[in-house]
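Participant:
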Amino acid sequence: MADQVVMGASLRCSFGKAASPLWVLPVNKVLAGMPAANILDNKPFLNILPFGACQSPTNPLVMLATALAMGKPTPAPCFPVTLAPWAPGCPKVLIGNQPALDSGSKCKCQWGGVIQVEKPGQTVVQDG
């Protein structure tokens, strides 16, 4: 079983250089110690904050930095672009009429990174 993800959970991107916290607004009025997340808590700069520097070769800023460094791969500031919801979530538990976000879910960045839950922030309540 996966753990429920809540505000303050630690996220990690496969192309990012640092972990980042998940921000969950309390609009769904479900608390598991902190506001509980659902699969639609995927908005860049609202829910998903930057992961330090990005190393994705498909990120235009990384391409520019690499070109300016005469072809030497060079990281650039992270600006996550997450267009799709987290998947798969937990369809057995609904938060705000959407599947709960559990620790096994992933979210994809437009630049090719896969964002995963490193620490869910909730270890007592299990969903699914």
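The working numbering applies: residue -3 is where the sequence shown begins, and numbers increase by one.
C-beta atoms are modelled at their ideal positions from N, C-alpha and C, and glycine is treated no differently.
Relative to the C-alpha of THR54, which candidate in VAL113, GLY109, GLU114 and MET3 has its C-alpha closest?
Facilitator: Sequence index remark: in the sequence shown, residue 54 carries index 58 (1-based). Considering only alpha carbons, the answer is GLY109.
Participant: DSSP state of ALA96, grouped into three classes?
Facilitator: Your numbering for residue 96 matches position 100 in the sequence shown. In the structure shown, ALA96 sits in a strand (DSSP, three-state: E or B).
Participant: Taking only three categories from DSSP, how would you classify VAL20?
Facilitator: The count along the sequence shown starts at 1 and reaches residue 20 at position 24. Correct three-state label for VAL20: coil.
Participant: With a threshold of 8 Å, are at least 3 pairs of Cβ atoms found where one atom belongs to the segment 17 to 28 and the other to the segment 71 to 85?
Facilitator: They do not touch, by the three-pair rule.
Participant: What are the complete alpha helix (DSSP H) segments, minimum 4 residues, inside the segment 51 to 99?
Facilitator: For the segment 51 to 99, whole alpha helix (DSSP H) runs of length 4 or above, ordered along the chain, are 56 to 64.
Participant: Considering ILE44, what are the terminal residues of the beta strand (DSSP E) in which it resides?
Facilitator: Translated into positions along the sequence shown, residue 44 becomes position 48. Here ILE44 belongs to no beta strand (DSSP E), and DSSP marks it neither H nor E.
Participant: CA-CA distance, SER10 and ILE111?
Facilitator: Counted from its first residue, the sequence shown places residue 10 at position 14. Counted from its first residue, the sequence shown places residue 111 at position 115. One C-alpha to the other measures close to 6 Å.
Participant: Would you report the Cα separation of VAL77 and PRO95, rounded to the nearest angstrom?
Facilitator: For this step, residue 77 is matched to residue 81 along the sequence shown. For this step, residue 95 is matched to residue 99 along the sequence shown. When rounded, the distance between both Cα atoms is 21 Å.
Participant: Please tell me whether MET59 has its Cβ less than 8 Å away from any Cβ of chain B.
Facilitator: Of the protein chains in this structure there is only one, and it is not chain B.
Participant: Considering Cα atoms alone, identify which of GLY85, LYS104 and GLN106 is closest to ASP(-1).
Facilitator: If you number the sequence shown from 1, residue -1 lands on position 3. ASP(-1) has its Cα closest to that of GLY85, out of GLY85, LYS104 and GLN106.
Participant: Using only alpha-carbon positions, find the residue among LYS102, GLU114, LEU90 and CYS103 that is nearest to ALA32.
Facilitator: Locating residue 32 in the sequence shown gives position 36, counting from the first residue. Looking at the Cα atoms, LEU90 is the closest of the given residues.
Participant: Between the Cα of GLY4 and those of ILE44, LEU36, PRO40 and LYS39, spot the shortest distance and give me the residue it belongs to.
Facilitator: Indexing the sequence shown from 1 puts residue 4 at position 8. Nearest C-alpha to GLY4: ILE44.
Participant: Roughly how many angstroms separate the alpha carbons of ALA14 and ASN93, rounded to a whole number?
Facilitator: Position 18 of the sequence shown, counted from the first residue, corresponds to residue 14. Position 97 of the sequence shown, counted from the first residue, corresponds to residue 93. Roughly 32 Å between the two C-alpha positions.
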